[in-house]
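Step one of this worksheet: look at the structure below.
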Amino acid sequence: MDCLVRIYWSGIDEESRLAISSSIPKFLEEYLTNDIQNEFDRALIDQLTLPEIVKRKIIDNLVEAYPITAQHPMISNIRRFLIASGLLEHAPTRSLMKQYL
């Protein structure tokens, strides 16, 4: 995949690169929410044959959200993709992505 993105990226003009670059941080904020994981965890916990008080304590201890920073669990994979695809060779993109690097 990163090879295809590298080929595409190398063939587009600067205006297109800037448009794509400016949308990546917002996409990551939306993509890296914890909502889907929380729904799954709660559904799984509800299916357990445990007393309700125990289920409630487990749910109360769930991580509500990870901050979207360089330490986010998924950022290392995203960072590798951005490097391999060549997007971070583009200074404006690198600047927009600095909080994730």
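Position 85 of the sequence shown, counted from 1, bears residue number 85 in the numbering used here, the numbering being contiguous throughout.
Where is the CB? At the ideal position from N, CA and C, for every residue including glycine.
Report, in whole angstroms, the separation of the C-beta atoms of residue i and residue j, which I expect to be a contact under 8 Å.
| i | j | result |
| --- | --- | --- |
| Thr69 | Arg17 | Not confirmed; about 24 Å, so no contact. |
| Val5 | Ser95 | Not a contact, Cβ separation roughly 19 Å. |
| Trp9 | Leu87 | 6 Å |
Please report how far the alpha carbon of residue i lies from the alpha carbon of residue j, in whole angstroms.
| i | j | result |
| --- | --- | --- |
| Ile7 | Asp60 | 46 Å |
| Leu101 | Ile20 | 18 Å |
| Ile24 | Val54 | 40 Å |
| Arg56 | Leu48 | 12 Å |
| Ala43 | His72 | 24 Å |
| Ile58 | Ile36 | 17 Å |
| Glu89 | Met97 | 12 Å |
| Asn34 | Leu62 | 11 Å |
| Ala91 | Leu32 | 24 Å |
| Cys3 | Ile45 | 40 Å |
What residue range does the alpha helix (DSSP H) around residue i cover?
| i | result |
| --- | --- |
| Ser21 | Glu14 to Tyr31 |
| Ile7 | Asp2 to Gly11 |
| Ala91 | Ala91 to Leu96 |
Once the 5 residues before and after residue i are set aside, which same chain residues still bring their CB inside 7 Å of it?
| i | result |
| --- | --- |
| Asp41 | Leu62 |
Kindly examine the ligand NAP and report whether one of its heavy atoms sits closer than 6 Å to the Cβ of residue i.
| i | result |
| --- | --- |
| Glu15 | No copy of the ligand NAP appears in this structure; indeed no ligand is present at all. |
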